[in-house]
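Chains as they are written, first to last, in the numbering used here: chain P, 308 to 790; chain L, 2 to 719.
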């Protein structure tokens, strides 16, 4: 029951916001932050309670039942969302001052939280599919918030890719339900016979749910969706929504069908090749891209495929490493996007080339950028290094041509990451402002943004120190799967 | 102890810039205090190690894996040298950084780099080495970029690019080693010493370390980065950061690849090439610090040659190994001294151009003596420290020549070595004579230089320089008493036996030194003075402009071609979902096909063509029947009377018609009249013909069946 309350609270709070007719901006902001905080507290209770939370919502047929159940992997996904949502809301309170239709925005913003919570607690593929679609639809108004040509085009692409992808997922769901698979059991269901069909269904499911994780043929939506306001790109398109894609693939590969069924098949090879290709393509495109937010979006595309690569190894350590990268990448990327947003708000600059020398004027923003960026590159004491290291180690201990090729690609991508991160950060600190880029009257953003930066950076460093424990916890979850 | 030495610099890194917010003075004090305390700790550690104490530390779970540290003789020694160098440069920095800005940044990253360097030297497995190596690489970037000029930014970019890219190759190699032997601790490496399967992984692992050490062809960052960095930082870059690279080289080369001949020869080739290249570049250089940087390159080549000889000679190679370590120590100390001396020049003149610096040192006795000590040390003059270690490396090469007697290539190697050592003498003479003996043709400038005499350095800087020079001299005078024990305590890490005393001042060894000095003097007199120097113009830059490996190979390939290729491929793939093929042509084909299917029922084919064909076919049959009827009628249904009249009938047709008429009549007779159709008139219509004909046909058919049944009965009956 707590599960449902927890999921419905933000849906109700968000839905009620337009009807409350709050006049003052300040009180609305308090409402938003308090609402997300309250939800996060409820989530914390959920995560730390020992009790099993299970709830059946409704039943279509015996095969298709809408049921909620929160397990270990779900808790990880939920914890990331619950940790970052209030911070993002706090950031948004300052950021959205510069945008129109705030009330509208925050209403959807809070409601998305509810969809994410319910998504994390889905107990079978059908429920997962429902909340997957819900998450797509609720975020639509956020993507087209600007309502200009670019955002409408982005929305169209977003809708086409994600709903189309979900349709593929739906085929997989229905097909697998004929084989009796659908409920999430750690380790998945051993399906005897008909394996060709099952392989094809898994491939479709991977592509369909991978659409949210921006795997190659379905990756274009993510960079174009970066026209949305920064809190959306930061939280949804770097953390919540895209993680949902990775999470759905985890559910498919490790909880619905048995990973042993797919090991060594063409499906595994295809998944690996697709994710490896996406890693390289994302990194290269990020290097090429000059618009900061789009560059970060391409970087997200690349990093999401790190996770998919980890998952496609179909071993418990691969899964733990993939999910670990999901956690750490969320933390790093949200900081990077927040910095990009702060730069945009304070100076109106979006092009990378115009950011020379800005680090001196906005030391906190660019300091946070440098820290998170260094982590993304994989500079040792920071968390990005840990998860990448686990991915590499697992790829090498797996052996074989594809995993080792993948490991090489990860290293190449690290070099590319260094290029696209440091070519922003270092000139910002070590070069002078170029007068041709316009006036240099700007400074670090206000208190709300500063607080988010400081808290997030502290979290990042903490993750670097205790990152091993996170991976160990994930290993514990994964250990139950393939034993 | 180890932990405190790692954490202390980090505290300093936070404290110094914070202090700097209050006043620059406080920051300087903070920096000096921290480095001095670090040095005291390092000294304590080293003395502890000398007494046989064991220091080790392991941090399980840090950075996702275990970090482990251990201090033995070599590592304790190098930690001490590092701390000493940091302390000396911190003393020197006070005066050097009187002007300019970003001192807080410099202080912060200097301390972080110190932490990285200490971590590298304390590390007990390759993984830990790599972690701290990367921290150090990134933290030393601000040194190179410090001046923030265009050249500095470019050099810094090269430095960072080389560091990161080569670091990734190292990581790759480490994973491969780990894949093979499952453990990266130095003990495990030693246990797998000489494993032939590990040559490729070991070579990959070495890439990052060689790049940091400045081994050709990965040296490109070194001659660019050292001149633009502030002098204290150049001293550390050249004296210490290159040695961290060599630390990795030793760990892999001597512990993992000892006695592996292929590996040893690759390294020997690289070492000799670097040695020669650095020396040649240094001779041609017209920039004070660039000359010193190229000299570093050359000296790294010596050290690598020594290590390679140790690998090739296997367990006979302890002399070469001791020489390599000795030269590492000597080179660190020498470069500390020389770069700080160069800094002392630069902070007064703000130029590094040798032509403009002519005559700067005239009358500056202290600087003169200190620089001379450094120069003589590098040249390898007996009595100063460089001589002993060079001699040992040379002896190592000579041993190889003896061992592989008759292979010409080793003799060539020995002569390359001697020639490069000679060039060292030449370029150091060039610097020394230029600074301290030549007179500047510009009178005013010379007067300005002379006016500085006696107050060109503060006391603090002078003390720092003197303190750096003392070990150079002592180690040189007493090689067997001081330098050899230092190499002996390093023997364990080098995976070699302890080397006994060497008769450094015997004639055999002195002869080698003398040859190099003669070669050097000849080159100086007949090449540097004649070709590279014109009295009016000063020192000439005769190095071909285009001949720069970075400009002709690395930058075009890595900054133009590969990005072009990569971006091309990536945007091609990225464009696929948006391409005309996917967006236009395929949908067009599909929709065309569908709309074709959609319109098919209304098409002429279905509305006209097919019905026409069917109608045609049926009409053909229709006509056929009609005509059959007509023919039948012609045959059968004619009047007998008419038939008789007709001449064209034969007997059979006549008979047939008679029979038919008979049957007809019989039917008429048998059946009631109303059951029968009326006899058709001759002009009756086709329709009626048809019915008649069909009834007639059916009748015949029935008859046939009856006949067939009768036949069957008869057959079965019989």
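We put the CB at the ideal spot given by N, CA and C, even for glycine. All values reported here derive from a predicted model rather than from experimental measurement.
Note: residue 161 of chain L is not bridge-paired with any residue in the DSSP secondary-structure output.
With its beta carbon at least 9 Å from every one in chain L, residue 462 of chain P lies outside the interface.
Identification of chain P residues near residue 132 of chain L by a Cβ-Cβ cut-off of 7 Å yields 687, ordered along the chain. Where residue 400 of chain P is concerned, the enclosing alpha helix (DSSP H) starts and stops at 379–402. Within chain L, the residues whose beta carbon sits less than 9 Å from that of residue 595 of chain P are 564, 567, 568, 571, 572, listed in sequence order. For residue 316 of chain P, same chain residues with a beta-carbon under 6 Å away, outside a window of 5 residues either side, are 346 in chain order.
Within the stretch 272–345 of chain L, the runs of alpha helix (DSSP H) that reach at least 4 residues and sit entirely inside it are, in chain order, 289–314. Non-local beta-carbon contacts of residue 415 of chain P in its own chain, meaning distances under 8 Å to residues more than five positions away in sequence, involve 321, 445, 446, 448, 449 in chain order. With respect to chain L, the C-beta atom of residue 754 of chain P has no partner C-beta closer than 9 Å. Within the DSSP secondary-structure output, residue 71 of chain L pairs in a beta bridge with L:57. For residue 10 of chain L, none of the residues of chain P pass the 8 Å Cβ criterion, the least Cβ distance being about 14 Å.
Collapsing the DSSP output to three states places residue 386 of chain L in coil. Rounded to the nearest whole angstrom, the C-alpha separation of residue 150 of chain L and residue 739 of chain P is 9 Å.
Annotation: residue 376 of chain P is outside any alpha helix (DSSP H); the continuous beta strand (DSSP E) that includes it extends over 372–376. Of P:674, P:766, P:755, P:383, the smallest CA-CA separation from residue 736 of chain P is found for P:674.
When the Cα atoms are used, residue 453 of chain P and residue 461 of chain P turn out to be separated by approximately 11 Å. In the structure shown, the three-state DSSP call for residue 366 of chain P is strand. For the stretch 718–733 of chain P, the residues whose beta carbon sits under 9 Å from a beta carbon of chain L are, in order, 718, 719, 721, 722, 723, 725, 726, 729, 730, 733.
Membership of residue 352 of chain L in any alpha helix (DSSP H) is not indicated, and neither H nor E is assigned to it by DSSP. Per DSSP, the beta bridge partners of residue 186 of chain L are L:126. In the structure shown, the three-state DSSP call for residue 520 of chain P is coil. Counting the other CB atoms within 10 Å of its CB gives residue 351 of chain L a total below 16, which places it among the exposed residues.
For residue 567 of chain L against residue 383 of chain L, the beta-carbon gap comes to about 55 Å, at or over 8 Å, which does not count as contact. Nearest C-alpha to residue 429 of chain L among L:297, L:21, L:217: L:297.
Taking the Cα positions, residue 468 of chain P is about 7 Å away from residue 518 of chain P.
With the rule of 3 Cβ pairs closer than 8 Å, the stretch 554–566 of chain L does not count as touching the stretch 288–303 of chain L. Pairing residue 516 of chain L with residue 380 of chain L, the inter-Cα distance amounts to about 12 Å.
In this structure, the straight-line span from the alpha carbon of residue 776 of chain P to that of residue 610 of chain P is close to 21 Å.
Annotation: residue 597 of chain P is outside any alpha helix (DSSP H) and is labelled neither H nor E by DSSP. For the pair residue 665 of chain L and residue 708 of chain L, the Cα-to-Cα distance works out to about 19 Å.
In this structure, the beta-carbon distance from residue 43 of chain L to residue 17 of chain L does not fall below 9 Å.
Shown here for residue 138 of chain L: same chain residues with a beta carbon closer than 6 Å to its own, the five before and five after excluded, namely 164 in chain order.
By the C-beta criterion, the stretch 280–295 of chain L is judged to be in contact with the stretch 528–548 of chain L, since at least 3 inter-stretch pairs fall below 8 Å.
With a cutoff of 9 Å on beta-carbon distance, residue 280 of chain L and residue 479 of chain L are scored as not near each other. With its beta carbon at least 9 Å from every one in chain P, residue 261 of chain L lies outside the interface. Scanning chain P for C-beta atoms nearer than 7 Å to the C-beta of residue 173 of chain L yields 715, 718, reported in chain order.
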